[in-house]
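Adding 2 to a residue's 1-based position in the sequence shown gives its number in the working numbering. The beta-carbon is built from N, C-alpha and C at its ideal position, and this holds for glycine as well. Note that the coordinates shown come from a computational prediction; the quantities given were computed from them, not determined experimentally.
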Amino acid sequence: MTSTILPNANKSITPCIDKKPEHMLVNDLNESITPCIDKEPERIPVNGLQVIKRNGKPVSYDPNKIRVAISKAFLAVEGGQAATSSRIHERVTQLTGQITQILQGRLPQGGTLPIETIQDQVELVLMRAEAHQVARAYVLYREERRKMREHTASQPDIQLQITLSDGSKRPLNMEQLSKLIIETCHGLTELNPGLILQETLRNLYDGMPLAEIDKALIMSARSLVEQDPNYTYATARFLLRTLYAEALSFLGIERKIGSDTLHDLYRHYFQHYLEQGIALELLDPELKTYDIQKLTAALLPQRDEQFTYLGLQTLYDRYFLHANEIRFELPQAFFMRVAMGLAIKETNKEERAIEFYKLLSSFDYMASTPTLFNSGTLRPQLSSCFLTTVADDLDQIYSAIKDNALLSKFAGGLGNDWTSVRAMGARIKGTNGKSLGVVPFLNVANASAVAVNQGGKRKGAVCAYLETWHLDVEEFLELRKNTGDDRRRTHDMNTANWVPDLFMKRVMQEEDWTLFSPDETPDLHDLYGLAFEERYAAYEAKAARGEIKNFKKLSAINLWRKMLSLLFETGHPWITFKDPCNLRSPQQHVGIIHSSNLCTEITLNTSVDEIAVCNLGSINLPQHLNDAGELDQNKLRATIRTAIRMLDNVIDINYYTVPQARRSNLKHRPIGLGLMGFQDALYQLRVPYASEKAIAFADYSMEMISYYAIEASSDLAKERGSYESFPGSLWSQGILPIDSITRLQETRGEWFNQNQTSTLDWAPLRQKVMQNGMRNSNCMAIAPTATISNICGVSQSIEPTYQNIFVKSNMSGEFTVINPYLIKDLKSLGLWDAVMLNDIKYYDGSLQKIDRIPDTLKQLYATAFEVPVHWLVEAGSRRQKWIDQSQSLNLYMAEPSGKKLDELYKLIWLKGLKTSYYLRTLGATHMEKATLERGHLNAVQSLAEPLSGPSCSILDPDCESCQ
């Protein structure tokens, strides 16, 4: 497909599409990106005025060029809505008329004026009209053009030939290329279009296909991201141009120059997009039942400008609809398609679809990856997580592996409870043989996860859970080792310990522990708390009397040490806690939580008959801070109410691949509302992660989210009815998540230390819940958001900053990630230069050893391995008291040791956390640092010149399976 110059959605200009796009960058086409400020600009009569251009040639004075320039400045200040504002239109026309009258007054009989004189007059009129911000934008634009002219003048005379799609060649129009780059960068502060041009020219060659020029622009702009984070937005705009070209060409849409604004183009495109998607059997024909005109009128094309390059490239590679490897889904159509799919069963579905669309496209909230993948399609599998229990029966074991494959096919992340499967050496009654244990079946499940890779969109992913009393637990701990019998290894599957409180008490008291086979102790699987402790002690007594043969007694501390040792060595199994998950579960009256999910944030009941399902989405926390640096409660409440409704709709719309999942989801209706961008919010608040203020913010923000989520679900229950199993739940008794802590505290006794303070008035909400009921058995869970946070351009989930500059690797490639808040602060202090960049890269994104940086910034921008891990645990503990499920809590330790790991995981247990996720250590993190020219570290180099030296590359193995 031929690449074209298409609308590069930015705040300053909305260019148009030519009917013959392949001619855009060749010399025989003039004014190929004439801005479409208005379809038919008014003509202002001018008597005999001529303008002397910079090349000395006279041209007739055209007031519409003044009008366009002023319009660009207004767009830069007031955003895309200025293009259709009658108020702005009238003011621009008035100002243009004033300038023309002044110029005519100078030369009433006609004559010539230098171009600079006219531009000076534009500035003066804008200032006199008190349009100071607009005048500033105009001045900045003039400066950008001046720099580009100087840069172009310094370049050698390049006469490159461009090859068109028909094989013919034409000269590259350098002026047009320069103009395109300037327009793309306009409105993005502190960027140097000349650098992009310089880098682009390095990548061009004679006879280059026209389609490759857009790629050269993208690659050139992305190479500059480390110099200034704003280059990521310029790169995204270049990518948008290719995206528009690809989609419109596929749909056969053509537009003449000057005919449409980007908004008009989207409206025309959307109808074709839906028809083509349905014809290709990619979209649900039910989408045609919407009032399409009403929906297209609500599209907000200017929101295409929000994307970072990483965010847009991620959508392009993995989310947008495509046919024959051609993406024909544009960003705002994508969000509207998702919204339409989620509103399809609403009574007032157009209004709800627009409400959902506005929330998603604003980035205030983002649905999980399966919802984004499949909403509005023929197979709307929108749920993120599935939890299963595997029975101790050969037929059931392979049925569970089949269920894994079906669930994974449509982008579900899996958590399997294997504790019921008998251990090695247990008797098999049917054959009078002995079992080989659970491990061989885990190897089969591992192979299945590799084979079914979620439709090629992302890797299939599953996590196996085993309780700590299972006789095969020691071999389970070694599943991820690189040595030993490969038939008893699972190199691709995650594993997690499901740890009862009694084991932790034995560890703390340095007592013995006994391992059993579940065929001889079947009820331990379904017991927790004091009931488990009593029954476990009874089985130990039976073993001591010789009534149980297949068991093993060992030191609890030795097993604990082996758990921590393998966790450090292989990253698995993760450590999760059975009792707090069950004791605080609102659904303990109807079942048992036997495991968590793939990313350890979902805690729902499972059985052979019920596969737990959870539907996820995340609030973009920094989007809800107001100018005063406080959480905007009204906005947060509004976001949560819409988000809860969207999540609840998923349950009824969902395509269920197995009946056990449908049965469970419709009966209990669990959802998981989480958050992302916690670190961004701290940056905006100027609060270091390692501080009491950060802990207080984690506490207060989660309390507010919990309050409004429970309120929204209760209000939805009043409208739609409570979930089926509500009677008898903790909710029905007026026991909210914050209240359930006392149950855990009573069971733990001295082994518990969790803050239980609150700031909001919860009494009215308890009454509302008991009166109205709850629409959802569970409302909250904090997922990793590894992918959707990339889309929104914020830090993932509740994570501290990984590094201040690093290269992120995922399925879309490698992307330079640089901390924009840090760069802004360094610029304000006059510290951002090439030396500083090289220093930060040399120290792997850390600031601590760079003397020039103030201590306040070192504290604020401390990276994940520099934040003492107990701060992460305390923040997690504060959140956990408000959450009815759990949270994906990664742990970072720069210099791990056995003692530190022992203290860390005991602290997690004591602080009432339900689960933990990855343990990340510097020793286990792959880091690749390129050689830097150390001689340059002693001399300051201006960022106006290209920097040498690649950035550090860090393998970032973030889980992308939930979100």
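>> Cutting at 7 Å between CB atoms, please list the residues of its own chain near alanine 131, excluding the five before and the five after it.
In response: Closer than 7 Å at the Cβ level, and outside the excluded window around alanine 131, lie Leu97.
>> Within 10 Å of its beta-carbon, does proline 766 have 16 or more other beta-carbons around it, so buried, or fewer, so exposed?
In response: Exposed, because fewer than 16 other Cβ atoms sit within 10 Å of the Cβ of proline 766.
> Can you list, in chain order, the residues of its chain whose CB lies under 8 Å from that of tyrosine 235, leaving out five sequence neighbours each side?
Replying inline: Leaving aside the five residues that flank tyrosine 235 on each side, the residues in its chain whose CB is nearer than 8 Å to its CB run, in chain order, Leu190, Glu307, Phe309, Thr310, Tyr311.
> With distances taken between CB atoms, is the gap from asparagine 780 to glutamine 887 smaller than 8 Å?
Replying inline: Going by C-beta atoms, asparagine 780 is nearer than 8 Å to glutamine 887.
> Which stretch, first to last residue, makes up the alpha helix (DSSP H) that contains proline 116?
Replying inline: That residue, proline 116, is in no alpha helix (DSSP H); its beta strand (DSSP E) goes 113-116.
>> Which runs of the beta strand (DSSP E) at least 3 residues long sit entirely within the segment 649-725? Give them in chain order.
In response: Scanning the segment 649-725 from its first residue to its last, the whole beta strand (DSSP E) runs of 3-plus residues come out as 673-678.
> Just to confirm, are leucine 623 and alanine 558 a CB contact at a threshold of 8 Å?
Replying inline: No, these two residues do not count as a Cβ contact at 8 Å.
>> Here's a check: name, in chain order, each residue in its chain whose Cβ is nearer than 8 Å to the Cβ of leucine 903, leaving out the five neighbours to either side.
In response: Around leucine 903: Leu566, Leu569, Phe570, Met895, Leu921.
> Does the beta-carbon of isoleucine 594 have 16 or more other beta-carbons within 10 angstroms, so that it is buried, or is it exposed?
Replying inline: Looking at its Cβ environment, which holds 16 or more other Cβ atoms inside 10 Å, isoleucine 594 is buried.
>> Whether or not the segment 284-300 and the segment 336-353 are in contact is what I'm after, with contact meaning three or more pairs of Cβ atoms, one per stretch, closer than 8 Å; do they touch?
In response: Judged by pairs of C-beta atoms under 8 Å, the segment 336-353 touches the segment 284-300, as three or more such pairs exist.
> Do you know how far the Cα of tyrosine 845 is from the Cα of leucine 828?
Replying inline: Rounded to whole angstroms, leucine 828 and tyrosine 845 show a C-alpha spacing of 17 Å.
> Quick one: what's valine 819 bridged to in DSSP?
Replying inline: Per DSSP, Phe808.
>> Am I right that glutamine 889 and glycine 914 are in contact with their C-beta atoms under 8 Å? What's the rounded C-beta distance?
In response: Contact between glutamine 889 and glycine 914 is absent: CB atoms are separated by about 12 Å, not below the 8 Å threshold.
>> Quick check on DSSP: helix, strand or coil for histidine 188?
In response: Here histidine 188 sits in coil by DSSP.
>> Judging by CA-CA distance, which residue of Gln278, Leu162, Asn560, Leu668 is the nearest neighbour of glutamate 512?
In response: Among Gln278, Leu162, Asn560, Leu668, the Cα nearest to that of glutamate 512 belongs to Asn560.
> Rounded to whole angstroms, how far is the Cβ of leucine 1 from the Cβ of glutamine 273, which I believe are closer than 8 Å?
Replying inline: An answer regarding residue 1 cannot be provided, because it is not within the stretch 3 to 965 covered by the chain.
> Tell me which same chain residues have a C-beta within less than 6 Å of the C-beta of arginine 339, skipping the five on either side of it?
Replying inline: Gly378, listed in sequence order.
> So who's on the other strand from isoleucine 784, going by DSSP bridges?
Replying inline: Isoleucine 784 pairs with Gln889.
>> What does DSSP give as the partner residue(s) for histidine 324 in the beta ladder?
In response: DSSP, once it has assigned bridges, lists Arg329 as partnering histidine 324.
> Beta-carbon separation of valine 615 and alanine 663 under 8 Å?
Replying inline: Result yes, Cβ atoms of valine 615 and alanine 663 sit closer than 8 Å.
>> Using the Cβ count rule (16 or more neighbours within 10 Å means buried), how would you classify threonine 523?
In response: Buried, because 16 or more other Cβ atoms sit within 10 Å of the Cβ of threonine 523.
> Helix, strand or coil for valine 392 per DSSP?
Replying inline: Note: valine 392 maps to coil in three-state DSSP.
> CA-CA distance, lysine 41 and lysine 851?
Replying inline: Because lysine 41 carries a pLDDT of 38, less than 50, the predicted location of this residue cannot be relied on, and no value is offered for it.
> Looking at the structure shown, is threonine 373 part of a helix, part of a strand, or coil, going by DSSP?
Replying inline: Looking at threonine 373 - three-state DSSP - the assignment turns out to be helix.
> Would histidine 493 pass as a contact of histidine 596 if the rule is Cβ separation under 8 Å?
Replying inline: Their beta carbons are not under 8 Å apart, which means histidine 493 does not touch histidine 596 by this criterion.
> Looking only at its own chain, which residues have a Cβ that is under 6 Å from the Cβ of leucine 444, when we skip the five neighbours before and after it?
Replying inline: Apart from the 5 residues on each side of it in sequence, leucine 444 sits with its Cβ closer than 6 Å to the Cβ of Ala466, Thr492 in its chain, given in chain order.
>> Just to confirm my understanding: we take glycine 50, look at its own chain, exclude 5 residues before and 5 after, and list those with CB closer than 8 Å. What are they?
In response: Hits under 8 Å: Leu109, Gln111, Gly112, Gly113.
> Which whole-angstrom value describes the C-beta separation of isoleucine 673 and asparagine 778, a residue pair presumed to lie in contact below a C-beta threshold of 8 Å?
Replying inline: Contact flag correct, Cβ pair sits at about 5 Å.
> Does the separation of the CB atoms of threonine 373 and asparagine 499 fall below 8 Å?
Replying inline: No, the Cβ-Cβ distance between threonine 373 and asparagine 499 is not below 8 Å.
> For the segment 627-645 against the segment 793-812, are there 3 or more C-beta pairs whose distance is under 8 Å?
Replying inline: They do not touch, by the three-pair rule.
> Which one or two residues does DSSP pair with methionine 368 in a beta bridge?
Replying inline: Bridge partners of methionine 368: Ser620.
>> Contact defined as beta carbons within less than 8 Å: I believe serine 180 pairs with leucine 203. What is the distance between those atoms, to the nearest angstrom?
In response: By a beta-carbon distance limit of 8 Å, serine 180 does not contact leucine 203. Their separation comes to about 10 Å.
>> Taking only three categories from DSSP, how would you classify glutamate 146?
In response: The answer is helix: DSSP assigns glutamate 146 an H, G or I state.
> So, do the segment 347-362 and the segment 605-615 have three or more beta carbon pairs nearer to each other than 8 Å?
Replying inline: These segments do not touch.
> Roughly how many angstroms lie between the CA atoms of valine 61 and lysine 860, to the nearest whole one?
Replying inline: A straight-line Cα-Cα distance of about 57 Å links valine 61 and lysine 860.
>> With a threshold of 7 Å on Cβ separation, who are the neighbours of valine 796 within its own chain once the five nearest residues in sequence on each side are excluded?
In response: Result list for valine 796: Asn622, Pro624, Met678, Gly679, Asp682, in chain order.
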